[in-house]
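> Below is the structure I would like to discuss, written out as structure tokens.
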Amino acid sequence: MSQQDGFDKRLRDARAKHGMDRGDSKLPTGAWGVGFRAGVEVFSALVVGVGLGLLLDRWLGTWPWLFLLMFVMGSVAGILNVYRLFTPRRLKRD
Amino acid sequence: MAAEGKAIDALSQFQLATSLGPIGASVNFTQSNLYMVFAAAIILGLMTWGMRARAVVPGRWQSLAESAYEFIHRMVTDQVGDEGKRFFPFVFTLFMFVLVGNMLGLFPYAFTFTSHIAVTFGLAAIVFVLITVVAWSLHGKKFFGYFFPEGAPLWLAPIIVPVEIVSYLSRPVSLSIRLFANMVAGHVMLKVFATFVVMLAGLGSVGPFLSIMPLTLNVALVGFEVLVAFLQAYVFAILTCIYLHDAVHLH
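Residue numbers (my numbering), protein chains in the order written: chain L, 42 to 135; chain U, 30 to 280.
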């Protein structure tokens, strides 16, 4: 069993060395900090979505349809950002 | 300065004005730029003058410079892996610039250049361009796999691709807003409570005693702001590292 543990540790070290596993990100984890981060993520995704929608509308002359569509996309992206904030991404090679 | 009349003027501290007299005015050299130059000079001074001794047992300045170096070096290698070492100068510059900028802003009469979205977004845009160029040059066309995860059903592509693109583009926005909002909020709070001190002090004979309350709060807030100044520089640097990791390894 101890040999097995040693192997796991070596594998982990080797993976960490080549950047396949990310180290703990140790981001601040206070309730306010997490709340603020989540808010910023949603807000910025909305800003980008709405901004893109408005730009595309102005370019293609389709006001307000792309704006509405991209507003929804921005909201979804914001929720996705928050989801990713709380679930550390697993690597495909696992 | 703060309490003109009865109004609390918390936002005028972020106003730009030209500095360095007529020369600065003619080229629009603001106090924000001046403090950026200060920050660069301080970093340069710390790394050259501080490391001048090159002692085996470091002195105060040398150990400060060394620990800053080691801190970021460990962060980069932990987050990005061995390939990350080539990004160390970039992340180190970014971290030190933001950190010294935040800390400089806490001195009385100083200007906080990280409290302007133009500055923070400029820094975040550099990060964004870098991660895109790195991902593109390392992976070529596979970079687009970023926007469509393998194994997802193809009919979902019209939804997933725009969402992923918006999510990718929101990175520099969230990076810049986080730093800017934290700095603005902190400095506004400091200014508001400092104004309370002045206002309460003018309230007859009990005023000076009452004004001790906001003063105590302000002392605590300054300590808190030092923490925030470091934490936000750290968050900026570590998110840059995480994005670099994604760029180097594509997820």
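Quick reminder that beta carbons are idealized off the backbone N, C-alpha and C, glycines included.
(1) Can you tell me the Cβ-Cβ gap for U/Gly236 and U/Leu229, rounded? I've got them flagged as a contact below 8 Å.
(2) Please state whether the Cβ-Cβ distance between L/Ala118 and U/Val192 is less than 8 Å.
(3) In whole angstroms, give me the CA-to-CA distance for U/Met76 and U/Val257.
(4) In three-state terms, what does DSSP make of U/Thr77?
(5) For the alpha helix (DSSP H) containing U/Gly252, name the first residue and the last one.
(6) Quick check: what's the CA-CA separation for U/Phe265 versus U/Phe121?
(7) Along chain L, in chain order, which residues have C-beta atoms closer than 8 Å to that of U/Leu198?
(8) Pull up the DSSP beta-bridge partners for U/Thr141, would you.
(9) For U/Lys220, does the count of other Cβ atoms within 10 angstroms reach 16, so buried, or fall short, so exposed?
(10) Could you confirm whether any beta carbon from chain L is found closer than 8 Å to the beta carbon of U/Ser203?
(11) For U/Ile37 and U/Ser55, I'd like the C-alpha separation in whole angstroms.
(12) Going by alpha carbons, who is nearest to U/Val255 out of U/Gly79, U/Gln44, U/Thr141 and U/Ser48?
(13) Would you say L/Phe84 reaches chain U, if we count a Cβ-Cβ gap shorter than 8 Å as a contact?
(14) Which residues in chain L have a C-beta closer than 7 Å to the C-beta of U/Pro191? List them in chain order.
(15) For the alpha helix (DSSP H) that U/Glu99 lies in, which residues bound it at each end?
(16) Kindly indicate if chain U contains any beta-carbon less than 8 Å away from that of L/Gly123.
(17) Measure the alpha-carbon distance for L/Leu97 versus U/Val251 and round it to whole angstroms.
(18) Going by DSSP in three states, U/Thr161 sits in which element: helix, strand or coil?
(19) Please say whether U/Val162 and U/Thr143 have beta carbons closer to each other than 8 Å?
(20) In angstroms, rounded to a whole number, what distance separates the CA positions of L/Gly102 and L/Val113?
(21) Start and end of the alpha helix (DSSP H) containing U/Ala181?
Reading it off the structure:
(1) 5 Å
(2) yes
(3) 24 Å
(4) helix
(5) Ile241 to His278
(6) 11 Å
(7) Val89 and Leu93
(8) None, per the DSSP bridge assignment.
(9) buried
(10) yes
(11) 32 Å
(12) U/Thr141
(13) yes
(14) Met114
(15) Arg89 to Val109
(16) It should be pointed out that residue 123 of chain L corresponds to Val in this sequence rather than to Gly. Answer no: the Cβ-Cβ gap between L/Val123 and chain U never drops below 8 Å.
(17) 45 Å
(18) helix
(19) no
(20) 19 Å
(21) Taken as a continuous stretch (DSSP letters only), U/Ala181 belongs to no alpha helix (DSSP H), as it is neither H nor E.
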